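Convert by adding 29 to the 1-based position in the sequence shown; the result is the number in this note's numbering. No residue lacks a Cβ here, since even glycine has one placed at the ideal position from N, Cα and C. Please read these numbers as outputs of a predicted model, since none were measured by experiment. What follows is a single structure, written as structure tokens, with notes after it.
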Amino acid sequence: MTSDCDQHHYVALPHLEVNREAKQTILLIHGATGDGTTWNLVTPHLPGYHLLVPDLPGHGIARQHPFSVVHASNLLSQLILDRAHNRVAYVVGFSLGAHVAMHLVSHYPEVANCVLVSGFQVFPPTALTSYLPHAIWLEQRIEYAIPRSWTRWAMDGINIPRPDLSMCTLDYNRQVF
Numbered sequence: 030m031t032s033d034c035d036q037h038h039y040v041a042l043p044h045l046e047v048n049r050e051a052k053q054t055i056l057l058i059h060g061a062t063g064d065g066t067t068w069n070l071v072t073p074h075l076p077g078y079h080l081l082v083p084d085l086p087g088h089g090i091a092r093q094h095p096f097s098v099v100h101a102s103n104l105l106s107q108l109i110l111d112r113a114h115n116r117v118a119y120v121v122g123f124s125l126g127a128h129v130a131m132h133l134v135s136h137y138p139e140v141a142n143c144v145l146v147s148g149f150q151v152f153p154p155t156a157l158t159s160y161l162p163h164a165i166w167l168e169q170r171i172e173y174a175i176p177r178s179w180t181r182w183a184m185d186g187i188n189i190p191r192p193d194l195s196m197c198t199l200d201y202n203r204q205v206f
């Protein structure tokens, strides 16, 4: 993978920029508990595209900033306007990134060529909604109890990094979920 830099840039939102010389831009938006490095297995397969790979607020290098879908999509629209070729990008998001991507393209359609999302669904609030941050907090800790060898076996040898438990706090889960 070629890159203009080896570290994140700061244009209101920390991000990695790859293949700056390519003509078309793709914005890759990670999911909850991840960061831009989530896309490390994908970026080498996109050498013909200029890639913008940000850390959402509350994640990675931007973890000290509070997360909200609205704030994240505002920052991403500005990132596209500032760094994408022709001020427009293909927008790709999964999980939480899909939620942000849908908000981004519905409120700032002028910055998106098209959108590809996966793992996105917003559920209406129920009587159990307030328990969701606690359930996710518990699930994240149970995941750490599973031996990595079992995970690699179940995932056909892929070594997917675990989320950083220090960031998976109840406060974080309340912001994201």
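Residue pairing by DSSP leaves TYR160 without any beta bridge partner.
Listed as beta-bridge partners of TYR119 by DSSP are ILE55 and CYS143. Around the beta carbon of ARG177, a 10 Å sphere encloses fewer than 16 other beta carbons of the protein chains shown; the residue is thus reported as exposed. Between PRO192 and GLY89, the beta carbon gap of about 11 Å keeps them out of contact (Cβ cut-off 8 Å).
It is roughly 25 Å from the alpha-carbon of SER135 to the alpha-carbon of ARG92. Per the DSSP secondary-structure output, VAL205 pairs with nothing in a beta bridge. Counting C-beta pairs with one atom in each stretch, the segment 109-121 and the segment 44-64 have three or more that are closer than 8 Å, which means they touch.
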